[in-house]
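Participant: In this text, residue positions in the sequence shown follow numbering that gives the first Met the number 0: the first is 0, and each later residue adds one. Beta carbons: idealized from backbone N, C-alpha and C, even for Gly. Let me give you the structure first, and then I'll get to my questions.
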Amino acid sequence: MVDSIKNVPVYKTFEDVINLLINSYYVHGYFEYGPYYSVYSYNGLDGHKFRVGGRTSNKFSTKTMLYGHLAYGTLNNEFKYALGYQHIYNKNPRRSSGVQYEYETQQLAQSELSNVENNAITSFLRRNPNNKLNPVREFKAYYEHEWYQGFSNTVTVKHKIIYPSDSIAFNKNNIPSLSNITASEISLYTRFAKDEKFLMGEFERVSLGTKSPILN
């Protein structure tokens, strides 16, 4: 009876809409289109920015995910893009690795988790112009090794080429402007959270917290 209901077109449409609202992606076969909140955005460097992107679905693989996007800004008439790969070796304890290359607009010194430049909602709600931005080419690779649930290490390697913009030029006094700034880094991130619980999907997981202190 349950399987019969799931095959009804109305149920399938409802299921797709709920999944889109919760996960920000529309799943179709081997591919997931999204995230929907990044389809349109606006900032002082790109202007009106239109973006298409997505990632492979669990139907494609529950171990390997490919993802990427292509965007176009009407103010600078530039294309921005990204392409990445993630592989899960083990879900619990978690062992994973990934590689990503992108040419995108970034606000320097901003957390990677705060992706406000490519968000339609923040574009509409923002009161002050967001023009303190730079074009950045970035290569990133990481390996995450969870020794046991609650204790993990992540090694990350990054190489960035940061280009000047009209609002942030690389010059000082009478010194000619630099064409770019190149930076490379390697980091080791350690996390310890005793008795931490997770809500886990195939590739992503969300912490449900712990009563113990969390050390990062």
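From what residue to what residue does the beta strand (DSSP E) around Asn152 run?
Facilitator: Phe150 to Ile161
Participant: Give the secondary structure of Tyr24 by DSSP, where H, G and I count as helix, E and B as strand, and everything else as coil.
Facilitator: coil
Participant: Could you name the residues of the same chain whose beta carbon sits closer than 8 Å to that of Tyr24, not counting the 5 residues immediately before and after it, in chain order?
Facilitator: Asn18, Glu31, Tyr32, Gly33, Pro34, Tyr35, Gly53 and Arg54
Participant: Looking only at its chain, what residues have a beta carbon closer than 8 Å to the beta carbon of Leu69, apart from the 5 residues adjacent to it on each side?
Facilitator: Arg50, Val51, Gly52, Phe78, Lys79 and Tyr80
Participant: How long is the line joining the alpha carbons of Gly83 and Gly208, rounded to whole angstroms?
Facilitator: 29 Å
Participant: With DSSP as the reference, label Tyr84 as helix, strand or coil.
Facilitator: strand
Participant: Using C-beta distances below 7 Å, list every residue in its chain close to Ile180, excluding the 5 sequence neighbours before and after it, in chain order.
Facilitator: Ile161 and Phe169
Participant: Is it right to say Asp45 is buried, meaning 16 or more other beta carbons lie within 10 angstroms of its own, or is it exposed?
Facilitator: Asp45 sits buried, since 16 or more C-beta atoms from the chains shown fall within 10 Å of its C-beta.
Participant: Relative to the alpha-carbon of Arg136, which residue among His158, Asn130 and Tyr142 has its alpha-carbon at the smallest distance?
Facilitator: His158
Participant: Less than 8 Å between the beta carbons of Val26 and Ser56, yes or no?
Facilitator: yes
Participant: Could you check the C-alpha separation between Ser164 and Asn76 for me, to the nearest Å?
Facilitator: Distance between the alpha carbons of Ser164 and Asn76: 14 Å.
Participant: Under a Cβ-count criterion, where at least 16 other Cβ atoms within 10 Å of its own Cβ denotes burial, should Ala108 be classed as buried or exposed?
Facilitator: exposed
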